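Trainee:
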Amino acid sequence: MNRRLRENLYENFINAALSLVVVFSALEGFKFHFWWLYVVIVTVIFTVTFYFLFRRPFLLMLLLTLILVVDFILFFGYRDILIDVFLYIEGFFRWIIIYMNQAPSSWDFYLLTEKYKVFTLFITAGIAAFMMTLVNGLMKNWFLTLFLGMMFFVIQWYNYVDKAYVYLMVYILLCFTDLGVKNYFKRNGARGPISVFLVIVIFFSSISAFGAELMPKAFSPLKWDKLEEWFYDTFPFTREWRNGVGREEGEPAEETFFSFAADLGGPIKASNSVVMKVIGDEATYLRGLVYDQYITSPLGKSRWANYNQQYKYEEAGEVLPVTFNEKVKYQVKSLKIIPVNIKSDILFSPWQPYKISDAFYYEKDNFNLKAKTSHGTGESYVVTYLKPYIDLKDLKEKGSTSLSEEDRKRYLSYPSELPERVKELAYFITKDAKNQYDKVKAVEGYLRQLPYSLHVPPTPAGRDFVDYFLFDLKKGYCTHYATAMAVMLRTIGIPTRYVVGFKMPHFTDKMGEYVVTTAEAHSWVEVYFDDYGWITFEPTPYYPSIEFPIFLSSSSSDLYGEDILPDNKKEVTSKDSGEVLLPEEKGVSSSSEAVGIDRKSKLIKIAVGFVFLAVLLGVFVWILINLRKKREIYKHEKNIIIYYYDKMVKELSKEGLKMGDFETTVEYGKRVAEAGYEDFEEITDIYNRIVYGSKEPSAGEIKRMKEFFDSLNKRGKFDIKRILRI
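For what it's worth, our numbering labels the leading residue of the sequence shown as -13, then goes sequentially.
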């Protein structure tokens, strides 16, 4: 096996190995599990393919041109195929964003996950192989390879992919080994056999890679409060990372929750005490306490309270009244709640609760739920709830006229001392909205533009909480946003109530349970709509907005199997042949055929743009390849002579002076000189003296080679002046 072949095999091996480490770690983050050999085969095929194409720019450009031609053929002749392909890709990208940020685990989303699971593997392996082959194989930039990989694994680890730390160690080990082997090849193996060298390199690389693991870590980091406050205000999503405020052990969960529910304003620092574990098929909102009165005390402190609470006792299994209209379709779902670090009589439940496995009390108006006795650690209960299907088009036609006068008084009240500018702002934001839903979304959208921050000062004495937040503070956490939205909507005649509870985390643990901590304590708003009753809205920018229509999953999760509201359908499925679609793809038709045509037109434009982007990327790679070649050429002056001579032979071949297979350079030089290129014998003499005489070329010889090549190149080009002279 010659040296060049060994180097090529090694390049493919190390690029594939680095790509595999990245792919396996990425799949851990996705929580996808494939047979390891399957992942290896896919990644190796991508690596070898990219290595082959990068070494042959002509083939790369030919492939990209072929893709462009196929795209135009589909565009003009088979648009339906093109649309189907990009609908799939568009659906994939929307699914992956939802999956990584929310990861719903309902049955329809599970089917979508299965639908895109293999495609995700191919995309992940393709991107990893492309980047490693480009950076480590083509650019040969060892530092950039190490840096990009470490950034990827650190971000993964900070987002609670624990195995990313192990993969990081392996990746660093491979990078150091790669550095040593490349130096070995550079020195032509002067330090002995490659097998012995590899043993030494791997040994010392292992010490470097795993040394950090053995170092003591039990020390407290430096605290820069101002810098921390600025960082968390600028990048609020990092609060959930390992160095964020939600990661510390803290006070008992019960105290934290009640303090959070009762107080408005001031800085908070959520702990990581586990409140409960939840077994269910979706991450949802868990209502704890619901309030209907925003009041200001004589001392000027704002808070939420309840107007009139009337509780009714029910035995286990008894049903709660249904608040939405019997024509609204819905699904019966359930979840099991296991208290951990909280002992309370509060029963947490999604909206709308229907049954509780234990005896309970419920408040008739706001549906606050309380157990007969407090639940402590391990004393679980099951909540059955109804998940209605909410149609956006229908929702926009609904107001709140069906509320009784007493309820309107309750859910539209606000302090008489509320500053006028709060009312004026609410009116200004919603003045162009045509219906109640649009007004609600306008206020929600305005509030979601304000920065999220836990580091906020208490509301000054005598100041209204909402007024101070909207006009002075202009940043805050969920209680600020939820209170402001509830109060602002009330000022323009829309009934609201303020809810405090927990927002379940997006992912389950290894046991398939949602682990809810005090860091997930949250507040939000419920708005009343005719027929639908109370609907949840999310004004806090830290969490994704709740968009409509809301579709149900394709199977019921009713634990009891009893019929509820016989006139209702328990679930809504797609009209398509068993395929479960993302919300925008489900069976809700557009208001006109023009909307569908516009969507197709947009998709086609995206398709063409995508291909052009691929071509531009190919051109960029081609430029990188040529730059690398030139860098290699100019690294040694001898290579420059060889480079120009080879280019000259190619140009002369175009003139019919092809070099014979058994023709020496001297014989070829004489034949070319006799054909009218007299100076080529001098060029041949320089080439033979440098290449076969092991001499370094002088600056004059390099210049002479370049001059002759330029004249030869110019002679072969279309020159109108030369033609006119002839």
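Every residue gets a Cβ at the ideal spot worked out from N, C-alpha and C, and that includes glycine.
All of these numbers come straight from a predicted model, not from anything done at the bench.
1) Using C-beta distances below 7 Å, list every residue in its chain close to VAL276, excluding the 5 sequence neighbours before and after it, in chain order.
2) Return the bridge partner residues of MET262 from the DSSP annotation.
3) Report the rounded CA-to-CA distance for ASN699 versus TYR24, giving the unit in angstroms.
4) Would you identify the three-state DSSP class for TRP520, choosing helix, strand or coil?
5) Identify every run of the alpha helix (DSSP H) within the region 378 to 462, keeping only runs that are complete inside it and at least 4 residues long; order them along the chain.
6) What does a CB cutoff of less than 7 Å around THR309 pick up in its chain, not counting 5 residues either side in sequence?
7) With a CB to CB cut of under 7 Å and the five nearest residues on each side skipped, what residues in its chain are close to ASN(-6)?
8) Would GLU512 be called buried (16 or more neighbouring beta carbons within 10 Å of its own) or exposed?
9) Does DSSP put GLU571 in a helix, in a strand, or in coil?
10) Just the C-alpha distance for MET137 and LYS126, rounded to the nearest angstrom, thanks.
11) Grouping DSSP H, G and I as helix and E and B as strand, with all else coil, what is GLY135?
12) Quick one: what does DSSP say THR282 is sitting in, helix, strand or coil?
13) Could you spell out where the alpha helix (DSSP H) holding TRP22 opens and where it closes?
14) Going by DSSP, which residues form a beta bridge with ARG273?
15) My assumption, with CB atoms under 8 Å, is that LEU160 sits in contact with ILE0. Please give the rounded CB distance.
16) For ILE376, which residues does DSSP report across the bridge?
17) Count the other C-beta atoms from every protein chain shown that fall within 10 angstroms of the C-beta of HIS508, then say buried if there are 16 or more, exposed otherwise.
18) First and last residue of the beta strand (DSSP E) that includes PHE666?
19) Can you tell which of ASP665, ILE536 and GLU524 has the C-alpha that lies nearest to the C-alpha of GLU694?
20) Straight-line CA distance for PRO307 to ILE67?
21) According to the Cβ coordinates, are VAL658 and ILE628 closer than 8 Å?
22) Sort LEU411, PRO443 and THR270 by Cα distance to VAL369 and report the nearest one.
23) One question on the structure: do LEU454 and THR445 come within less than 8 Å of each other, judged by their Cβ atoms?
24) Taking Cβ to Cβ, would you say ILE672 is nearer than 8 Å to GLU682?
25) Quick one: residues in its chain with C-beta nearer than 7 Å to the C-beta of LYS703, no 5 flanking neighbours on either side, listed in chain order?
26) Could you tell me the distance, in whole angstroms, from the CA atom of PHE648 to the CA atom of VAL9?
27) Tell me the rounded alpha-carbon separation between ILE265 and GLU300.
28) Mind reading off the beta-carbon distance from PHE451 to LEU250? Whole number of angstroms is fine, and I expect it under 8 Å.
29) Helix, strand or coil: which one does DSSP assign to ALA345?
30) Can you find at least 3 beta carbon pairs, one from the region 28 to 46 and one from the region 110 to 121, that sit closer than 8 Å?
31) DSSP three-state label for VAL511, please.
32) So, helix, strand or coil for GLN142, using DSSP?
33) Among GLY303, SER390, GLN296 and LYS103, whose alpha-carbon lies nearest the alpha-carbon of PHE515?
34) Report yes if the C-beta distance between LEU316 and LEU272 is below 8 Å; otherwise report no.
35) Kindly list the residues whose CB is nearer than 6 Å to the CB of TYR102, restricted to its own chain and excluding five residues on each side of it in sequence; keep chain order.
36) Please state whether the Cβ-Cβ distance between ALA472 and TYR280 is less than 8 Å.
Mentor: This is what the structure gives:
1) The residues are ASN352, PHE353, ASN354, ARG483 and VAL485.
2) PRO325 and VAL502
3) 50 Å
4) In this structure, TRP520 counts as strand in the three-state DSSP scheme.
5) 378 to 381, 391 to 397, 406 to 416, 422 to 433 and 451 to 454
6) Closer than 7 Å at Cβ, skipping near neighbours: GLN338, GLY519 and TRP520.
7) none
8) buried
9) Note on GLU571: pLDDT 39, under 50, position unreliable in the model; the coordinate value appears next. Looking at GLU571 - three-state DSSP - the assignment turns out to be helix.
10) 18 Å
11) helix
12) strand
13) 22 to 40
14) SER335 and GLY487
15) Cβ-Cβ separation between LEU160 and ILE0: approximately 7 Å, consistent with a contact (criterion under 8 Å).
16) Paired residue(s): ILE536.
17) Buried, since its Cβ has 16 or more Cβ neighbours within 10 Å.
18) Not the beta strand (DSSP E): PHE666 falls in the alpha helix (DSSP H), residues 666 to 677.
19) For the record, residue 694 in the displayed sequence is Phe; it is not Glu. Measuring from the Cα of PHE694, the nearest candidate turns out to be ASP665.
20) If you take the alpha carbons of PRO307 and ILE67, they lie about 50 Å apart.
21) no
22) THR270
23) One point to set straight first is that residue 454 is Tyr, not Leu, in the sequence displayed. For TYR454 and THR445, yes; Cβs fall inside 8 Å.
24) no
25) Reliability fails at LYS703, whose pLDDT of 47 lies under 50, so the model's placement of it is uncertain and the value that follows must be treated cautiously. Closer than 7 Å at Cβ, skipping near neighbours: no residue.
26) 49 Å
27) 24 Å
28) 5 Å
29) coil
30) yes
31) strand
32) helix
33) SER390
34) One point to set straight first is that residue 316 is Tyr, not Leu, in the sequence displayed. Their beta carbons are not under 8 Å apart, which means TYR316 does not touch LEU272 by this criterion.
35) PHE78 and TRP81
36) yes
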